[in-house]
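Colleague: Pasting a structure below so you can have a look.
2 protein chains.
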Amino acid sequence: KAMVVSGVACDHNVTKIALFDVPDKPGIAYQLFDALAKENINVDMIIQSHEQENRNDISFTVTRDDKDTAVAIANKVADAIGARGVAYDDTVAKVSIVGAGMKTNPGVAAKMFEVLYRLNINIQMISTSEIKVSCVIDEQDGNRAVVALHEAFGLDKLEQ
Amino acid sequence: KAMVVSGVACDHNVTKIALFDVPDKPGIAYQLFDALAKENINVDMIIQSHEQENRNDISFTVTRDDKDTAVAIANKVADAIGARGVAYDDTVAKVSIVGAGMKTNPGVAAKMFEVLYRLNINIQMISTSEIKVSCVIDEQDGNRAVVALHEAFGLDKLEQ
Ligand SMILES: C[C@@H](O)[C@H](N)C(=O)O
Ligand SMILES: C[C@@H](O)[C@H](N)C(=O)O
Numbered sequence: 001k002a003m004v005v006s007g008v009a010c011d012h013n014v015t016k017i018a019l020f021d022v023p024d025k026p027g028i029a030y031q032l033f034d035a036l037a038k039e040n041i042n043v044d045m046i047i048q049s050h051e052q053e054n055r056n057d058i059s060f061t062v063t064r065d066d067k068d069t070a071v072a073i074a075n076k077v078a079d080a081i082g083a084r085g086v087a088y089d090d091t092v093a094k095v096s097i098v099g100a101g102m103k104t105n106p107g108v109a110a111k112m113f114e115v116l117y118r119l120n121i122n123i124q125m126i127s128t129s130e131i132k133v134s135c136v137i138d139e140q141d142g143n144r145a146v147v148a149l150h151e152a153f154g155l156d157k158l159e160q
Numbered sequence: 161k162a163m164v165v166s167g168v169a170c171d172h173n174v175t176k177i178a179l180f181d182v183p184d185k186p187g188i189a190y191q192l193f194d195a196l197a198k199e200n201i202n203v204d205m206i207i208q209s210h211e212q213e214n215r216n217d218i219s220f221t222v223t224r225d226d227k228d229t230a231v232a233i234a235n236k237v238a239d240a241i242g243a244r245g246v247a248y249d250d251t252v253a254k255v256s257i258v259g260a261g262m263k264t265n266p267g268v269a270a271k272m273f274e275v276l277y278r279l280n281i282n283i284q285m286i287s288t289s290e291i292k293v294s295c296v297i298d299e300q301d302g303n304r305a306v307v308a309l310h311e312a313f314g315l316d317k318l319e320q
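Chains as they are written, first to last, in the numbering used here: chain A, 1 to 160; chain B, 161 to 320.
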């Protein structure tokens, strides 16, 4: 049943954008991502955590080329819906571990988080699927994160 | 280049749990998910959005059977790290659309969000991967969400 992490990837072409304290009511997510889609912005991650007191935050990632357009749209939608504000940062990277059967292997994500912790790398955003755990971190930490993750999951041996 | 949504799924065996205002420093995500892994809790979604003023929220989902143990762990870790609090809800379901090439099809997630909006279904949590968009919603909305999504993405025709 051992989880097989088959690969580690790092995407440096990332801008993270967040809308804070959006009203937690139907139609808000649609409004934001429809506006982005109409400008042909390719959105990679969409992350929305647990609501609090009728408000929530919505964050997402786009490429660096799309930063200006996406941030402009985020600001426009934020104003229209009465969100508290918008933040963005294009000095980030998305590091991911990929493998099969993660849902039945609770330790895998914890191990990735441990590797980043031991490198004193702060995790800014987290998103998972059955086959992938992705963390947004400072772009300057990307390369050493990849090396350490390869090692931690035994993938460096394949390259000898 | 048309995105093909090939399936719609709804998982009713879901409990959502969140830790609010955890310190945004290395080691926090590791501490939480290591504690869960040590109790063999299978975590499905892990969602962490954009940080704010040195704090962040971390939410995740587990099965209904694991609710009590996972909530106890969340409370224990929340106290240990000085988080503001914990919330949980097991009256939720996770509805997902699955398909290929979503990253290059910005309108797909927006369309899913639109379908839910038109049904007046509130989206509690969102997580995406290249092949999947998942929304946590009230469990009572699960079935009609699935029917509407099948229809919106043309999947109902296959069943005639
Ligand atoms: C916050 C946002 O996701 C809102 N709940 C919606 O349904 O669109
Ligand atoms: C909030 C949490 O993800 C923290 N930034 C960590 O790196 O563990």
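Every residue, glycine too, gets a C-beta built ideally from N, C-alpha and C.
#1: What in chain B is Cβ-close to Ile97 (chain A), meaning under 9 Å?
#2: Can you grab the Cα-Cα spacing for the pair Ala100 (chain A) / Val5 (chain A), in whole Å?
#3: If you draw a straight line from the C-alpha of Gln31 (chain A) to the C-alpha of Val62 (chain A), how long is it?
#4: Gly167 (chain B) and Ile281 (chain B) - do their beta-carbons sit closer together than 9 Å?
#5: When the cut-off is 9 Å and only beta carbons count, does Asp217 (chain B) lie next to chain A?
#6: Compare the beta carbon distance of Phe193 (chain B) and Ala152 (chain A) with 9 Å and say whether it is the shorter of the two.
#7: What does Ile233 (chain B) touch in chain A if you count any residue whose Cβ is under 8 Å from its own?
#8: Can you pull the chain B residues whose beta carbon is under 8 Å from the beta carbon of Ile121 (chain A), in chain order?
#9: Check the C-beta distance from Ile206 (chain B) over to Thr128 (chain A) and give it rounded, since I have them as a contact under 8 Å.
#10: Ligand 1 heavy atoms versus the CB of Gly27 (chain A): any closer than 8 Å?
#11: On the criterion of 16 or more Cβ atoms from any shown chain inside 10 Å, does Gln48 (chain A) qualify as buried, or is it exposed?
#12: Report the neighbours of Ile201 (chain B) on chain A: residues whose CB is nearer than 7 Å to its CB, in chain order.
#13: Under 9 Å between C-beta atoms, does His50 (chain A) make it to chain B?
#14: For a test of the three-state rule: what should DSSP assign to Leu179 (chain B), helix, strand or coil?
#15: From what residue to what residue does the alpha helix (DSSP H) around Phe193 (chain B) run?
#16: For Val306 (chain B) versus Val255 (chain B), is the C-beta distance shorter than 9 Å?
#17: Is there at least one non-hydrogen atom of ligand 1 closer than 8 Å to the beta-carbon of Val92 (chain A)?
#18: Checking 9 Å against the spacing of the C-beta atoms, do Ala189 (chain B) and Phe113 (chain A) come in under that value?
#19: Whose Cβ in chain A lies nearer than 7 Å to the Cβ of Phe323 (chain B)?
Modeller: Concretely, from the data shown:
#1: Scanning chain B for C-beta atoms nearer than 9 Å to the C-beta of Ile97 (chain A) yields nothing, as the closest lies near 12 Å away.
#2: 7 Å
#3: 17 Å
#4: no
#5: With 9 Å as the cut-off, Asp217 (chain B) counts as an interface residue toward chain A.
#6: no
#7: Neighbours of Ile233 (chain B) on chain A: none; closest Cβ ~11 Å, over 8 Å.
#8: Pro186
#9: 5 Å
#10: Within the cutoff, so yes.
#11: buried
#12: Pro106
#13: Using a CB distance cut-off of 9 Å, His50 (chain A) counts as an interface residue toward chain B.
#14: DSSP, read as helix, strand or coil, puts Leu179 (chain B) in strand.
#15: In the DSSP annotation of this structure, the continuous segment of the alpha helix (DSSP H) that includes Phe193 (chain B) starts and ends at 188-198.
#16: Cβ distance < 9 Å, so Val306 (chain B) and Val255 (chain B) count as in contact.
#17: no
#18: Yes. Within cutoff.
#19: Outside the shown range of chain B (161 to 320) lies residue 323 (chain B), about which nothing can therefore be said.
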